[in-house]
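Enquirer:
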Amino acid sequence: MMGRLILPLLSVFVTGVIGIETITLGPDTNLNLPENDYIIQSPNFPNSYGTVINHNNVGQIILNAPAEEGAGYYLFFTEFMIDETETIIISHENTTHILSGSEFTKRGTAAYIYTEGNVVFQIGANSLSEDDHTGFQIIAKRHGVNEIVGTSYNDSTNLDELDYAYFFVSPAYPAVNGSTIERTQTFMSNNSIRVLLYDFDFNGTVVLSGTDVNGTDVKIEYTGFQTNTSTVANYFLHDVTIDVKCKRPAGCGRYFVIVEPYVPKPPTITSLNFSLDTNVSQWFTSVDYDRTAYPNNYQFYVNITAPENTEQKIVLWLKFESEASSDGMSFTGLVANPAADNWRLTGSWYTLLFAETNHLQLSFSSDGVGRAVGFYGSLYLQSCKCPEDEVLETNYTSSLDFTITSPGYSNRDVGSYCPGLNCQWSYKFTVDHIFNFDSPFFEFRDSDFLRISDDHNKTIAIFSNSNKANTSSFYVNSGIVHFQFVTSSDIVAPNGTDNFYFWMRAGISEVFPSHQPQFIDRVTFVESYFVSYDLS
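So the sequence shown is residues 1 to 536, counted in the UniProt record's numbering.
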């Protein structure tokens with residue numbers, strides 16, 4: 001694993017950006033700001049803000065209300081990806097918003113907050129995080145008394161005269177019936193323009209007209225729920241017109257569209273090839289990961305091959321953050337069904353993926369707008385071979401002790417899980433012996449289970465997250481014991497870990513005549529007792 005560069009939190013600073021100040025909010029921030037428009041962001045944004053060292057401090061910014069009573073601020077989120085253990089609390093009037101982790105999946109409600117009066121921003125952490133995160137950027141823009149967002153605009157807007165992106169939103173967003181206002185607005189720039197449908201669930205029509213980046217005059221119409229799983233981006237040269245139509249008196253829904261100029265840049269390209277033939281990990285990262293955000297127009301490709309073998313899987317462990325919109329990582333070969341082989345990640349992910357084929361390709365691309373921390377991952381082969389039937393013999397001794405483990409257990413330092421298993425195997429032994437086993441140590445997904453039965457398919461025990469046996473040890477004298485181990489078919493492991501497994505101690509021992517009377521049936525349980533083993 002490559003070394004980490006821990007970036008110290010910067011002291012709070014204020015920089016002027018042509019008429020609007022950028023304020024850094026960190027654990028050591030304590031500011032009382034006068035009425036104004038501001039950009040409020042995490043330290044070093046969009047590069048990793050590093051590890052929060054001092055957890056005793058709670059950074060705070062008080063943004064004083066505009067002088068006019070009833071006035072306040074629109075808060076627009078251009079990015080929000082922090083650690084799950086960290087929180088940002090935004091308070092205004094009698095309302096409190098507590099935000100943590102990635103707010104991208106909640107963008108229907110978290111892309112924007114309407115406030116009146118003073119606004120207080122606080123940042124803190126509950127535990128030490130060593131992960132790299134992009135952070136947050138919030139645009140605080142003043143509004144007047146009773147002003148409704150999305151109802152005041154100019155027919156034309158020069159984006160080069162603004163200090164931040166233009167937020168083209170439906171009236172009273174995120175309300176879905178705020179108004180039936182129709183509008184037409186033209187945006188201009190000396191550079192290219194990205195129009196991003198960040199949150200769009202609208203039953204009227206929104207038409208984008210202009211010359212796209214390929215020099216073709218286009219007219220693109222959108223209606224319905226366009227951003228259910230992802231955002232939608234379009235790119236234009238120098239100008240674009242957005243025309244909104246709604247024929248429903250009660251309103252047509254909501255939309256949150258971000259319009260932003262950008263300067264096209266030549267691509268930065270990385271291409272890698274990995275051939276996996278052992279469980280040794282192959283590591284990869286985006287350029288300058290944990291130091292600076294990936295560049296605009298960044299293209300990253302990895303081609304992975306492994307031997308044809310149905311008893312092993314390519315496993316991808318990944319920490320990933322991209323601009324939560326058009327930047328993303330796509331996969332080919334992740335699932336065996338070509339019709340479903342269209343996986344794409346964007347935003348914030350800490351995950352583990354199990355490929356269903358032996359040829360996996362991943363590609364990351366970023367556009368010309370917005371950046372994030374990037375990604376850090378590893379690839380390895382996971383053994384998923386089921387145990388085989390076995391005949392147990394004592395080899396002239398009175399007993400035999402051994403362990404039974406889930407497939408992949410020996411590789412648990414890297415990862416021990418295999419999805420989609422239905423392993424069935426048995427242990428045979430002579431009738432003058434007893435098969436004994438202890439309740440297993442296990443970490444399962446909720447749908448996983450281990451079932452043990454005798455020669456008449458009578459259940460001896462079932463172990464799962466919802467069924468944990470009260471008996472510690474089991475004795476069986478039926479001459480054969482059957483095992484069945486079933487795992488979830490989901491190829492995604494939660495929270496970037498696959499250390500799900502079982503480990504159990506078992507054995508056979510000879511039955512002496514004096515012991516035979518206590519075995520009154522094919523399966524006999526003995527009194528529970530506590531067993532402790534060192535699995536290291």
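Virtual Cβ for every residue (Gly too), placed ideally from N, Cα, C.
Where does Y289 sit, in a helix, a strand or coil, going by DSSP?
Expert: Looking up residue 289 in the sequence shown gives position 289. Coil, per DSSP.
Enquirer: Under DSSP, the beta strand (DSSP E) around Y380 begins and ends at which residues?
Expert: The sequence position of residue 380 within the sequence shown is 380, counting from 1. From DSSP, the beta strand (DSSP E) with Y380 extends over G374 to S383.
Enquirer: Are the beta-carbon atoms belonging to F500 and S426 less than 9 Å from one another?
Expert: If you number the sequence shown from 1, residue 500 lands on position 500. If you number the sequence shown from 1, residue 426 lands on position 426. Against a cut-off of 9 Å, the Cβ pair of S426 and F500 comes out as no contact.
Enquirer: Mind the definition here: the segment 179-199 touches the segment 253-260 only if three or more C-beta pairs lie below 8 Å; say whether that holds.
Expert: yes
Enquirer: Please report the distance separating the alpha-carbon of T292 from that of S326.
Expert: Numbered from its first residue, the sequence shown carries residue 292 at position 292. Numbered from its first residue, the sequence shown carries residue 326 at position 326. Using only the alpha carbons, I get a separation of about 19 Å.
Enquirer: E356 by DSSP, collapsed to three states: which one?
Expert: Taking the sequence shown and counting its residues from 1, the one referred to as residue 356 is at position 356. Coil.
Enquirer: The beta strand (DSSP E) spanning V207 covers which residue range?
Expert: As a first step, residue 207 must be located in the sequence shown, where it is residue number 207. Residues R183 to D212.
Enquirer: Cα separation between Q382 and S416?
Expert: Residue mapping note: residue 382 aligns to position 382 of the sequence shown, counting from 1. Residue mapping note: residue 416 aligns to position 416 of the sequence shown, counting from 1. Distance between the alpha carbons of Q382 and S416 is about 7 Å.
Enquirer: Just grab the DSSP bridge partners of Q282 for me.
Expert: Here residue 282 corresponds to residue number 282 of the sequence shown, with the count starting at 1. Bridge partners of Q282 according to DSSP: L379.
Enquirer: Along the chain, where does the beta strand (DSSP E) containing R505 start, and where does it finish?
Expert: By one-based count along the sequence shown, residue 505 stands at place 505. Counting along the chain, the beta strand (DSSP E) containing R505 begins and ends at Y501 to E510.
Enquirer: What runs of the beta strand (DSSP E), each 3 residues or longer, lie entirely inside the segment 406-489?
Expert: Counting only runs of 3 or more, we get 422-428, 433-438, 441-443, 449-453, 459-463, 473-476 and 480-486.
Enquirer: List the DSSP bridge partners of R248.
Expert: Your numbering for residue 248 matches position 248 in the sequence shown. According to DSSP, which records beta bridges pairwise, R248 is partnered with nothing at all.
Enquirer: Is it true that the CB of L334 sits closer than 9 Å to the CB of L360?
Expert: Mapped onto the sequence shown, residue 360 falls at position 360. Mapped onto the sequence shown, residue 334 falls at position 334. Their beta carbons are under 9 Å apart, which means L360 touches L334 by this criterion.
Enquirer: Got a sec, what are the start and stop residues for the beta strand (DSSP E) E21 sits in?
Expert: Taking the first residue of the sequence shown as 1, we reach residue 21 at position 21. Looking at the DSSP string, the run of the beta strand (DSSP E) that includes E21 is I20 to T24.
Enquirer: Could you spell out the range, first to last residue, of the beta strand (DSSP E) harbouring P261?
Expert: To locate residue 261, count along the sequence shown from 1; it is residue 261. For P261, the enclosing beta strand (DSSP E) begins and ends at G253 to Y262.
Enquirer: Apart from the five residues on each side of it in sequence, which residues of its chain come closer than 6 Å, Cβ to Cβ, to V206?
Expert: In the sequence shown, the residue the question calls residue 206 occupies position 206. Once the five neighbours on either side are set aside, the close Cβ partners of V206 are Y222 and V244.
Enquirer: The beta strand (DSSP E) that contains E86, what's its start and end?
Expert: Your numbering for residue 86 matches position 86 in the sequence shown. Counting along the chain, the beta strand (DSSP E) containing E86 begins and ends at E86 to H92.
Enquirer: Taking just the CA atoms, how far does Y262 sit from V369?
Expert: Counting from one through the sequence shown, the residue named residue 369 turns up at place 369. Counting from one through the sequence shown, the residue named residue 262 turns up at place 262. Whole-angstrom Cα-Cα distance: 6 Å.
Enquirer: To the nearest angstrom, report how far apart F441 and L421 are at their CA atoms.
Expert: For this step, residue 441 is matched to residue 441 along the sequence shown. For this step, residue 421 is matched to residue 421 along the sequence shown. Rounded to the nearest angstrom, the two C-alpha atoms are 19 Å apart.
Enquirer: Below 9 Å between beta carbons: does that hold for L75 and I23?
Expert: In the sequence shown, residue 75 corresponds to position 75, counting from 1. In the sequence shown, residue 23 corresponds to position 23, counting from 1. Cβ atoms of L75 and I23: not closer than 9 Å.
Enquirer: If you run the structure through DSSP and keep just helix, strand and coil, what is E161?
Expert: For the purposes of this step, residue 161 is identified with residue 161 of the sequence shown, where counting begins at 1. Note: E161 maps to helix in three-state DSSP.
Enquirer: When the Cα of D389 is compared with those of A355, N158, L31 and K428, which residue comes out closest?
Expert: Taking the first residue of the sequence shown as position 1, residue 389 is located at position 389. Selected option, being the one with the closest Cα: K428.
Enquirer: Going straight from the alpha carbon of V232 to that of N158, what length do you get?
Expert: Your numbering for residue 232 matches position 232 in the sequence shown. Your numbering for residue 158 matches position 158 in the sequence shown. Across the structure, V232 and N158 are spaced so that their CA atoms are roughly 23 Å apart.
Enquirer: To which residues of the same chain is residue 565 closer than 6 Å at the C-beta, ignoring the five residues directly before and after it?
Expert: Outside the shown range of the chain, which is 1 to 536, sits residue 565, and nothing can be said about it.
Enquirer: Tell me the residue span of the beta strand (DSSP E) that contains H133.
Expert: Mapped onto the sequence shown, residue 133 falls at position 133. Looking at the DSSP string, H133 is not in any beta strand (DSSP E), and its letter there is neither H nor E.
Enquirer: So what does DSSP say about N340, is it helix, strand or coil?
Expert: By one-based count along the sequence shown, residue 340 stands at place 340. Checking the sequence, you will find Ala at residue 340 rather than Asn. In this structure, A340 counts as helix in the three-state DSSP scheme.
Enquirer: Let me make sure I understand the geometry here. Which of F354, C246 and F375 has the alpha-carbon closest to that of F300?
Expert: Along the sequence shown, one-based indexing puts residue 300 at 300. Out of F354, C246 and F375, F375 has the C-alpha closest to the C-alpha of F300.
Enquirer: Which residues in the same chain have their Cβ closer than 7 Å to the Cβ of H515, if we skip the five residues on either side of it in sequence?
Expert: Position 515 of the sequence shown holds residue 515. Confidence at H515 is low in this model, with a pLDDT of 48, below 50, so the placement of that residue should be treated as unreliable; the coordinate-derived value is given next. Nothing listed; no residue qualifies.
Enquirer: Beta-carbon within less than 8 Å of N436's beta-carbon, same chain only, minus the 5 sequence neighbours each way: which residues are those?
Expert: Here the question's residue 436 lines up with position 436 in the sequence shown. The residues are S473, F474, Y475, V476, A506, G507, I508 and S509.
Enquirer: CB-CB under 6 Å to Q226, same chain, minus the five flanking residues each way: which ones, in chain order?
Expert: Within the sequence shown, the letter at position 226 stands for residue 226. The residues are L197, F200 and V232.
Enquirer: Count the other CB atoms, across all protein chains shown, that sit within 10 Å of the CB of V336; report buried if there are 16 or more and exposed otherwise.
Expert: Indexing the sequence shown from 1 puts residue 336 at position 336. At residue 336 the sequence reads Ala, which differs from the Val that was named. So A336 ends up on the exposed side.
Enquirer: Grab me the residues of I82's own chain with a C-beta within less than 6 Å of its C-beta, minus the 5 sequence neighbours each way, in chain order.
Expert: By one-based count along the sequence shown, residue 82 stands at place 82. H133.
Enquirer: Could you check whether E116 and A71 sit closer than 9 Å to each other, using their CB atoms as the reference points?
Expert: Locating residue 71 in the sequence shown gives position 71, counting from the first residue. Locating residue 116 in the sequence shown gives position 116, counting from the first residue. Contact annotation: A71 and E116 have beta-carbon atoms nearer than 9 Å.
Enquirer: Closest to E93 by C-alpha separation, out of E69, E103 and V511, would be which residue?
Expert: Residue numbering aside, residue 93 sits at position 93 when the sequence shown is read from its first letter. Of the listed residues, the one whose Cα sits closest to E93 is E69.
Enquirer: Between R344, N154 and S453, which has its C-alpha nearest F320's C-alpha?
Expert: In the sequence shown, counting from the first residue as 1, residue 320 sits at position 320. Selected option, being the one with the closest Cα: R344.
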